[in-house]
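**Student:**
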Ligand SMILES: Nc1ncnc2c1ncn2[C@@H]1O[C@H](COP(=O)(O)OP(=O)(O)OP(=O)(O)O)[C@@H](O)[C@H]1O
Ligand SMILES: [Mg+2]
């Protein structure tokens, strides 16, 4: 039995537009998503904005009822057995809402410790340890209305871990945290995984997903478009490599010419300061360097390099859809 | 869980009450108006009537407005989802919130009585302190239970918070805080008979003047419990509906 199982999950929202006409519109946020996460696995859910990641998570953590399909966590159905599910899961979302602004950090944690039934004897020690873990020790007596974005995010993480849940849902947990803090948090997530927790993570940082996840699913417009380990995803998209050409003042026609070359799967331009960097995804075994440079003709060319595809390259190709 | 949660919510409510002068000053403001109007009568009995009425009116106002505002605020803060996601039953989560409101109501009662005493020299003679306290507690409890029902409906209907504010003023009239119920047409009297504060108010007046308030206290509590039970039953249904219609968060 898998720890998290989603079976053909669907969810649509009804929204109203207009004040008077009241036109009803149905948004199909998630359209038939199925996946399974095994015990101790760290599963990444990636996808562009509005792809339906948060909606999927909210169905799994019992905050939204699926329009159709079913899901279970630790064998408990998320609709019929919601309370049992809630007891065993932790939920951390990104952003600066979700705190009692008028209470200090300690009281915020105490309240949720009560709601999760953490025994009074353990609370003090547990809250202390978590504050230490997220680096908020010494600030716990301050009201959270004065907290910076990263501090709030850290407090969210501590809250999600209060009852030592077996399954964790992390929806963009590193958003707003500084690079050093984010690195520490990634280490923490690694430690949690080491303790045998099952984790479902969403993030927009590809290197983060690459570093942490055992398996990744890419969701686009409510549907899964790919699933696999970071390594297989990279291979699946491009067996080849990525060529980067630094240029100055490159016409659009040149990009089109590069795209039409045999052996080139896609080409895109990225602005980097003064320069435009041409990113060419090269198919397996193809040798296109001189042909690409030929297309550029009289354009001023700087550094030329070639590298292995990253998860980001794979992701961009998957979600831009071909 | 209940005691600690009650204390934390009281902290939050108290802070907001002091910031938004609203909840504490507002009842005093109306109490003052009432005192000034009734002073024309130049009858100490009438002033006692007004003093008690204004005090209970304060409780009603505090609870009607905070009850509807409190969960709306949770929604704004984004904590409503977190409360629902916790394994504690939602009705149970609301109990400390409701009692915190009731405590604030008690505070409002005290402050109005003190205000009347200091500024208008109204001292309410309490013939039977024990029965008086019983009546006051019964009134506060039953009003808090109405507040509980109100806050439950806010979970599903985002606009229900307006209802609380809407109820504030008719409540003043219908519960006979300041005007005797006999002045109303019969249909209005029927509405007031299903509102527990009406009975609570009467119990408080009876006990202050030395009569037995037990019947009224019982009716008041009984009605309060009915409202509370409806709220508790509704809470599960309402929660499911909120999960279906995605009204737990604004995002
Ligand atoms: N409560 C709601 N009412 C109406 N529509 C909603 C609601 N919540 C989400 N949606 C819609 O559902 C779609 C999916 O949203 P969702 O929040 O799941 O995306 P996401 O993948 O988490 O995006 P992001 O990366 O921006 O967090 C969007 O089109 C969004 O507008
Ligand atoms: Mg999201």
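Residue numbers (this note's numbering), protein chains in the order written: chain R, 1 to 322; chain S, 1001 to 1251.
Where is the CB? At the ideal position from N, CA and C, for every residue including glycine.
1) Can the beta-carbon of residue 42(R) be found less than 9 Å from the beta-carbon of residue 212(R)?
2) In three-state terms, what does DSSP make of residue 303(R)?
3) Rounded to whole angstroms, how far is the Cβ of residue 46(R) from the Cβ of residue 209(R), which I believe are closer than 8 Å?
4) Please list, in chain order, the chain R residues whose beta carbon lies closer than 7 Å to that of residue 1004(S).
5) To the nearest angstrom, report how far apart residue 1122(S) and residue 1217(S) are at their CA atoms.
6) Report the neighbours of residue 117(R) on chain S: residues whose CB is nearer than 8 Å to its CB, in chain order.
7) Just curious, the beta strand (DSSP E) that residue 228(R) is in, first and last residue?
8) What is the residue span of the alpha helix (DSSP H) that residue 35(R) lies within?
9) Does the Cβ of residue 96(R) lie closer than 8 Å to at least one heavy atom of ligand 2?
10) Listing by chain order, which chain S residues have their CB less than 9 Å from the CB of residue 62(R)?
11) Please list, following the chain, all residues that have a C-beta closer than 6 Å to any non-hydrogen atom of ligand 1.
12) Within 9 Å (strictly less), CB to CB, does residue 95(R) reach chain S?
13) Taking DSSP as the reference, what is the three-state secondary structure of residue 1069(S)?
14) Quick check on DSSP: helix, strand or coil for residue 142(R)?
15) If contact is defined by three or more beta carbon pairs under 8 Å, each pair taking one atom from either stretch, is the segment 1185–1197 of chain S in contact with the segment 1108–1121 of chain S?
16) Here's the rule I'm using: 16 or more other beta-carbon atoms within 10 Å means buried, otherwise exposed. How should residue 8(R) be labelled?
17) Pull up the CB-CB distance for residue 11(R) and residue 36(R), whole angstroms please, since I reckon it's below 8 Å.
18) With the cut-off set at 9 Å, would you say residue 1061(S) and residue 1155(S) are in Cβ contact?
19) Beta carbon of residue 74(R), beta carbon of residue 166(R): below 9 Å?
20) Measure the alpha-carbon distance for residue 184(R) versus residue 192(R) and round it to whole angstroms.
21) Residues in its own chain within less than 6 Å of residue 127(R) by CB, not counting five upstream and five downstream?
22) Please tell me whether residue 1078(S) has its Cβ less than 9 Å away from any Cβ of chain R.
23) At which residue ranges does the segment 1069–1116 of chain S contain complete alpha helix (DSSP H) runs of 4 or more residues, listed in the order of the chain?
24) Among 1035(S), 1041(S) and 1067(S), whose alpha-carbon lies nearest the alpha-carbon of residue 1310(S)?
25) Can you pull the chain R neighbours of residue 1081(S), defined as C-beta to C-beta under 7 Å?
26) Can you give me the Cβ contacts of residue 1246(S) inside the same chain, cut-off strictly under 8 Å, excluding the 5 residues immediately before and after it?
27) Please report the residue range of the beta strand (DSSP E) in which residue 271(R) lies.
28) Using C-beta distances below 6 Å, list every residue in its chain close to residue 1073(S), excluding the 5 sequence neighbours before and after it, in chain order.
29) Leaving aside the five residues before and after residue 276(R) along the sequence, list all residues of the same chain whose C-beta is less than 6 Å from its C-beta, in chain order.
30) Beta-carbon of residue 1249(S) versus every beta-carbon of chain R: anything under 9 Å?
31) Among 179(R), 260(R), 271(R) and 298(R), which one has its Cα closest to the Cα of residue 282(R)?
32) If we call anything under 9 Å between Cβ atoms a contact, is residue 1105(S) one with residue 1146(S)?
33) Taking only runs that begin and end inside the segment 90–132 of chain R, name each unbroken alpha helix (DSSP H) of 4 or more residues, in chain order.
34) Check the Cβ-Cβ distances between residue 1020(S) and every residue of chain R, and say whether any is below 9 Å.
35) Can you round the beta-carbon distance between residue 1141(S) and residue 1221(S) to whole angstroms, since I take them to be within the 8 Å contact cut?
36) At the level of alpha carbons, what is the spacing between residue 230(R) and residue 62(R)?
**Tutor:** With the given structure in hand:
1) For the purposes of this step, residue 42(R) is taken as residue 42 along the first chain, with counting starting at 1. For the purposes of this step, residue 212(R) is taken as residue 212 along the first chain, with counting starting at 1. Taking 9 Å as the Cβ cut-off, residue 42(R) and residue 212(R) qualify as a contacting pair.
2) Mapped onto the first chain, residue 303(R) falls at position 303. The answer is strand: DSSP assigns residue 303(R) an E or B state.
3) Numbered from its first residue, the first chain carries residue 46(R) at position 46. Numbered from its first residue, the first chain carries residue 209(R) at position 209. Residue 46(R) to residue 209(R), Cβ: 6 Å. Contact.
4) For the purposes of this step, residue 1004(S) is taken as residue 4 along the second chain, with counting starting at 1. The CB of residue 1004(S) comes closer than 7 Å to the CB of 110 and 114 in chain R, given here in chain order.
5) Sequence index remark: in the second chain, residue 1122(S) carries index 122 (1-based). Sequence index remark: in the second chain, residue 1217(S) carries index 217 (1-based). The alpha-carbon of residue 1122(S) is positioned some 25 Å away from that of residue 1217(S).
6) By one-based count along the first chain, residue 117(R) stands at place 117. Ordered by position in chain S, the residues that pass the 8 Å Cβ test against residue 117(R) are 1001, 1087 and 1088.
7) The residue you call residue 228(R) lines up with position 228 of the first chain. Looking at the DSSP string, the run of the beta strand (DSSP E) that includes residue 228(R) is 223–228.
8) Stepping through the first chain from its first residue, residue 35(R) is reached at position 35. Where residue 35(R) is concerned, there is no enclosing alpha helix (DSSP H), although the beta strand (DSSP E) it sits in stretches over 23–37.
9) Here residue 96(R) refers to the residue found at position 96 of the first chain. No, Cβ of residue 96(R) sits at least 8 Å from all heavy atoms of ligand 2.
10) Numbered from 1 along the first chain, position 62 holds the residue referred to as residue 62(R). Those within 9 Å of residue 62(R) in chain S are 1084, 1085 and 1243.
11) 13(R), 15(R), 27(R), 29(R), 47(R), 49(R), 50(R), 51(R), 52(R), 53(R), 54(R), 55(R) and 1246(S)
12) Looking up residue 95(R) in the first chain gives position 95. Residue 95(R) counts as touching chain S.
13) Working through the second chain from its first residue, we reach residue 1069(S) at position 69. Residue 1069(S) falls in the helix class under three-state DSSP.
14) As a working note, residue 142(R) is residue 142 in the first chain. In the structure shown, residue 142(R) sits in coil (DSSP, three-state: anything other than H, G, I, E or B).
15) Inter-segment contact for the segment 1108–1121 of chain S and the segment 1185–1197 of chain S is absent: fewer than three beta-carbon pairs are separated by less than 8 Å.
16) Residue mapping note: residue 8(R) aligns to position 8 of the first chain, counting from 1. By the 10 Å Cβ count, residue 8(R) comes out exposed.
17) Mapped onto the first chain, residue 11(R) falls at position 11. Mapped onto the first chain, residue 36(R) falls at position 36. About 19 Å; that fails the 8 Å criterion.
18) In the second chain, counting from the first residue as 1, residue 1061(S) sits at position 61. In the second chain, counting from the first residue as 1, residue 1155(S) sits at position 155. No; because the gap between Cβ atoms is not below 9 Å, this pair is not in contact.
19) Taking the first chain and counting its residues from 1, the one referred to as residue 74(R) is at position 74. Taking the first chain and counting its residues from 1, the one referred to as residue 166(R) is at position 166. Yes, these two residues count as a Cβ contact at 9 Å.
20) The count along the first chain starts at 1 and reaches residue 184(R) at position 184. The count along the first chain starts at 1 and reaches residue 192(R) at position 192. Using only the alpha carbons, I get a separation of about 12 Å.
21) As a working note, residue 127(R) is residue 127 in the first chain. Excluding positions up to five away in sequence, the list reads 109.
22) Translated into the one-based positions of the second chain, residue 1078(S) becomes position 78. Taking Cβ atoms only, chain R reaches closer than 9 Å to residue 1078(S), which makes this a yes.
23) 1079–1085
24) Summary: the structure shown does not reach residue 1310(S), with chain S confined to residues 1001 through 1251, and so no result is reported for it.
25) Numbered from its first residue, the second chain carries residue 1081(S) at position 81. Per Cβ cutoff of 7 Å: 63.
26) Looking up residue 1246(S) in the second chain gives position 246. Nothing meets the Cβ criterion.
27) Position 271 of the first chain, counted from the first residue, corresponds to residue 271(R). Unbroken beta strand (DSSP E) run through residue 271(R): 264–272.
28) On the second chain, position 73 is the one that residue 1073(S) refers to. Closer than 6 Å at Cβ, skipping near neighbours: no residue.
29) The count along the first chain starts at 1 and reaches residue 276(R) at position 276. Closer than 6 Å at the Cβ level, and outside the excluded window around residue 276(R), lie 247, 250 and 269.
30) As a working mapping, residue 1249(S) is identified with position 249 in the second chain. For residue 1249(S), the answer is yes, since a Cβ of chain R falls inside 9 Å of its Cβ.
31) For the purposes of this step, residue 282(R) is taken as the residue at position 282 of the first chain. With distances taken between Cα atoms, residue 282(R) lies closest to 260(R).
32) By one-based count along the second chain, residue 1105(S) stands at place 105. By one-based count along the second chain, residue 1146(S) stands at place 146. Result no, Cβ atoms of residue 1105(S) and residue 1146(S) do not sit closer than 9 Å.
33) 105–115
34) For the purposes of this step, residue 1020(S) is taken as residue 20 along the second chain, with counting starting at 1. For residue 1020(S), the pLDDT reaches just 49, beneath the cut-off of 50, and the residue's location in the model is therefore unreliable, although a value from the coordinates is still provided. It does not; no Cβ of chain R falls within 9 Å.
35) For this step, residue 1141(S) is matched to residue 141 along the second chain. For this step, residue 1221(S) is matched to residue 221 along the second chain. Residue 1141(S) to residue 1221(S), Cβ: 7 Å. Contact.
36) For the purposes of this step, residue 230(R) is taken as the residue at position 230 of the first chain. For the purposes of this step, residue 62(R) is taken as the residue at position 62 of the first chain. Between residue 230(R) and residue 62(R), the C-alpha separation is close to 29 Å.
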